[in-house]
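Heads up, the thing below is written out as structure tokens.
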Amino acid sequence: MRDEIQNLLRKIPSMDELLSRPWVNEVEELLGRKALKSVFADVIGELRLALREGACEAIDVAAIEQEARARLLAKASPSLHPVINATGIVIHTNLGRSVLPQEALEAVRLSSERYSTLEYRLDVGERGERNDHVEWLLSQVTGADAALVVNNNAAAVLLCLAALAKDKESVVSRGELVEIGGSFRIPDVMAFAGTRMVEVGTTNRTHLSDYAKAVTESTALLLKVHPSNYRIVGFHAEVEREALSALAREKELIFLEDLGSGVVADLAASGLGAETTVAQSLMAGVDLVTFSGDKLLGGPQIGVVAGRRQLIDRLRRFPLLRALRVDKMTLAALEAVLRLYLRGQEGAIPTVAMLTLSQDDLKRRADALASVIATQCPEADVDVIPVEDAVGGGAYPEQPLQGWGVALALPGVSSGTLQRRLRLGKPAVVAAAEKDRVVFHVRTLLEGDVDLLAKALGARDEEGGSGCGS
Ligand SMILES: *Cc1c(COP(=O)(O)O)cnc(C)c1O
86 MRDEIQNLLR
96 KIPSMDELLS
106 RPWVNEVEEL
116 LGRKALKSVF
126 ADVIGELRLA
136 LREGACEAID
146 VAAIEQEARA
156 RLLAKASPSL
166 HPVINATGIV
176 IHTNLGRSVL
186 PQEALEAVRL
196 SSERYSTLEY
206 RLDVGERGER
216 NDHVEWLLSQ
226 VTGADAALVV
236 NNNAAAVLLC
246 LAALAKDKES
256 VVSRGELVEI
266 GGSFRIPDVM
276 AFAGTRMVEV
286 GTTNRTHLSD
296 YAKAVTESTA
306 LLLKVHPSNY
316 RIVGFHAEVE
326 REALSALARE
336 KELIFLEDLG
346 SGVVADLAAS
356 GLGAETTVAQ
366 SLMAGVDLVT
376 FSGDKLLGGP
386 QIGVVAGRRQ
396 LIDRLRRFPL
406 LRALRVDKMT
416 LAALEAVLRL
426 YLRGQEGAIP
436 TVAMLTLSQD
446 DLKRRADALA
456 SVIATQCPEA
466 DVDVIPVEDA
476 VGGGAYPEQP
486 LQGWGVALAL
496 PGVSSGTLQR
506 RLRLGKPAVV
516 AAAEKDRVVF
526 HVRTLLEGDV
536 DLLAKALGAR
546 DEEGGSGCGS
């Protein structure tokens, strides 16, 4: 037995043998010799282990080489790369949430290919504040006196709680102690910020008197949280912002709201019901509102705290801020997006545009896609169908968006198999499925995606295509 294993171990190709293969030069150019050798070492090491453990009974040199080569080619191509989103979920967190408008991309390039005024005031030749580039614009767009930008909304909530309520009590309704996808849990954030959580009311009903009774000498803050991806329906009561604001003023407390998505545009054209905008929340008496930049705002990943200047100034002086600050590329993108709002050109922001597409536009797109697919895949069964899209990002959880899509069935191929082929194709396509059909939702397709999708479907497997015919 031992001899047999020794025999097999000797048959494993050596590092030098692998390095001498003709195809290696091409990969070495992409990865460098050191990385190349480490991948070979991994493959050889795993094989040795498998032999010793009896998990492998023969050595196939060609298969080993093929495995090593496949791993190297995968490592040689960019890991973070574009995807066609045919899910109809507009703010798809796993696919990068909001797509940036051209104006923002240009601003990112300009801000990062040269030195910039990031923290420099040209008028006096002295240090400036990076937040200054966007604060006035945020005030214009939200109606806030002052605003501060940090890494994301989770950071914004953490900063507010730590700077304003550490070692004190924060009162929050039991109906708003939510977990947002990706492990953002209100009780955990409060604990981490060092504020004592005082829960009031019940899961489904909380009254003003519940808040009022909970306030003590140690209370610093009333917290309201947008429940985002979940809703309480039926026998339910929550307290109006105006009433909470009056209580906060009477007891000299800070009223903080985590608004989550943070709508600033008029999304009436989307047919979606009214979602409280940042301006409405502030007007109702909330002192500080926090929201994300890459959800309904349609910008880069940031978090905003907007509201009363005196409180924002306290946040500016809090040391944690330094650990949450945003990069120049992000600030540049945010500034460009805010300027589009200022000029009333929010239609140029892809997230806003996708949410406000008309039924006619969507249907026309679906018809166009269907005819391209039918040409590309003559043996396929192609149908234009009404579908339900979604806002995503925790906004409007119950309200589906009426959309249009193209359903595709290939004889003898399951929808799961076709979805996988599409994901692994070039370009990668993430699509929905319904029974034995793959469904392409057209709302989230970007300019040029129809042609790319057709290409992905038409290409044969070996070209990285999903090969409807092959
Ligand atoms: C999305 C969301 C968060 C987290 O925001 P990020 O920008 O992803 O950090 C926090 N609170 C609410 C209510 C949200 O909807």
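Quick note on my numbering: the sequence shown kicks off at 86 and runs consecutively. No residue lacks a Cβ here, since even glycine has one placed at the ideal position from N, Cα and C. Predicted model, so just to flag it, every value in this text is computed and none were measured.
How would you label residue i, buried or exposed, when you count the other beta carbons within 10 angstroms and need 16 or more for buried?
i, result
"proline 496", "exposed"
"phenylalanine 320", "exposed"
"phenylalanine 525", "buried"
"tryptophan 489", "buried"
"leucine 134", "exposed"
"glutamate 519", "exposed"
"glutamate 342", "buried"
"serine 294", "exposed"
"threonine 375", "buried"
"leucine 329", "buried"
"methionine 368", "exposed"
"valine 274", "buried"
"leucine 454", "buried"
"valine 257", "buried"
"leucine 538", "buried"
"serine 268", "exposed"
"leucine 344", "buried"
"leucine 442", "buried"
"arginine 326", "buried"
"valine 318", "exposed"
"alanine 359", "exposed"
"alanine 126", "exposed"
"glycine 210", "exposed"
"leucine 165", "exposed"
Leaving aside the five residues before and after residue i along the sequence, list all residues of the same chain whose C-beta is less than 8 angstroms from its C-beta, in chain order.
i, result
"valine 349", "Val226, Thr227, Thr362, Val363, Ala364, Leu381, Leu382, Tyr426"
"alanine 333", "Leu307, Ile339, Phe340, Gly370, Asp372"
"proline 312", "Gly260, Glu261, Val263"
"glutamine 386", "Arg182, Asn236, Asn237, Ser377, Gly378, Asp379, Thr415"
"aspartate 452", "Val469"
"glutamine 91", "none"
"threonine 280", "Leu246, Ala247, Ala250, Lys251, Asp252, Lys253, Glu254, Ser255, Ala305, Leu306"
"glycine 549", "For glycine 549, the predicted model reports a pLDDT of 47, less than 50, meaning its position is unreliable and no value from the coordinates is stated."
Is the distance from the Cβ of residue i to the Cβ of residue j below 8 angstroms?
i, j, result
"alanine 475", "isoleucine 265", "no"
"isoleucine 169", "leucine 409", "no"
"leucine 124", "isoleucine 149", "The identity of residue 124 in the sequence shown is valine, whereas the question assumes leucine. Going by C-beta atoms, valine 124 is not nearer than 8 angstroms to isoleucine 149."
"methionine 100", "lysine 122", "yes"
"valine 390", "alanine 232", "yes"
"serine 224", "aspartate 217", "no"
"leucine 357", "glutamine 484", "yes"
"glycine 388", "alanine 239", "yes"
"alanine 155", "valine 112", "no"
"serine 355", "leucine 440", "yes"
"valine 491", "valine 515", "no"
"valine 535", "leucine 493", "no"
"leucine 116", "leucine 157", "yes"
"threonine 172", "alanine 517", "yes"
"valine 146", "alanine 418", "no"
"leucine 243", "alanine 278", "yes"
"arginine 450", "valine 527", "yes"
"leucine 103", "alanine 153", "yes"
Identify, in the order they occur along the chain, each residue of the same chain with its Cβ nearer than 7 angstroms to the Cβ of residue i, setting aside the five sequence neighbours on each side.
i, result
"isoleucine 583", "The requested residue 583 is not part of the displayed model; the chain covers only 86 to 555."
"serine 201", "Lys413"
"serine 105", "none"
"arginine 399", "Ala248, Leu249"
"alanine 423", "The sequence given here has leucine at residue 423, not alanine. Contacts found: Val219, Leu222, Leu223, Val226."
"asparagine 314", "Ile265, Gly266, Gly479, Pro482"
"histidine 177", "Asn170, Gly477"
"arginine 401", "Leu233"
"glutamate 420", "Ala192, His218, Val219, Leu222"
With hydrogens ignored, establish whether the beta-carbon of residue i is closer than 7 angstroms to any heavy atom of ligand 3.
i, result
"histidine 311", "You won't find ligand 3 in this model; what it holds is ligand 1."
Quick one: what's got a C-beta closer than 6 angstroms to residue i's C-beta in the same chain, skipping five residues either side?
i, result
"leucine 203", "Arg215, Lys413"
"glutamate 547", "Note on glutamate 547: pLDDT 49, under 50, position unreliable in the model; the coordinate value appears next. Correct list: empty, nothing qualifies."
"alanine 322", "Arg290"
"aspartate 88", "none"
"leucine 185", "Ala418"
Check the Cβ-Cβ distances between residue i and every residue of chain D, and say whether any is below 8 angstroms.
i, result
"alanine 241", "Although the question refers to chain D, the structure presented lacks it and comprises just one protein chain."
Query raised in the report: Is the stretch 454 to 473 touching the stretch 527 to 542 in the sense that three or more CB pairs, one from each, lie closer than 8 angstroms?
Result: Yes, since at least three Cβ pairs between the stretch 527 to 542 and the stretch 454 to 473 fall closer than 8 angstroms, the two stretches touch.
Report task. Taking 8 angstroms as the threshold, find out whether the stretch 177 to 196 comes into contact with the stretch 417 to 434 through three or more Cβ pairs. Result -> Verdict: yes, contact present.
Requested in this report: Examine the Cβ distances between the stretch 289 to 298 and the stretch 504 to 518 and report whether three or more of them are shorter than 8 angstroms.
Outcome: Touching, no, given that fewer than three Cβ pairs across the two stretches are closer than 8 angstroms.
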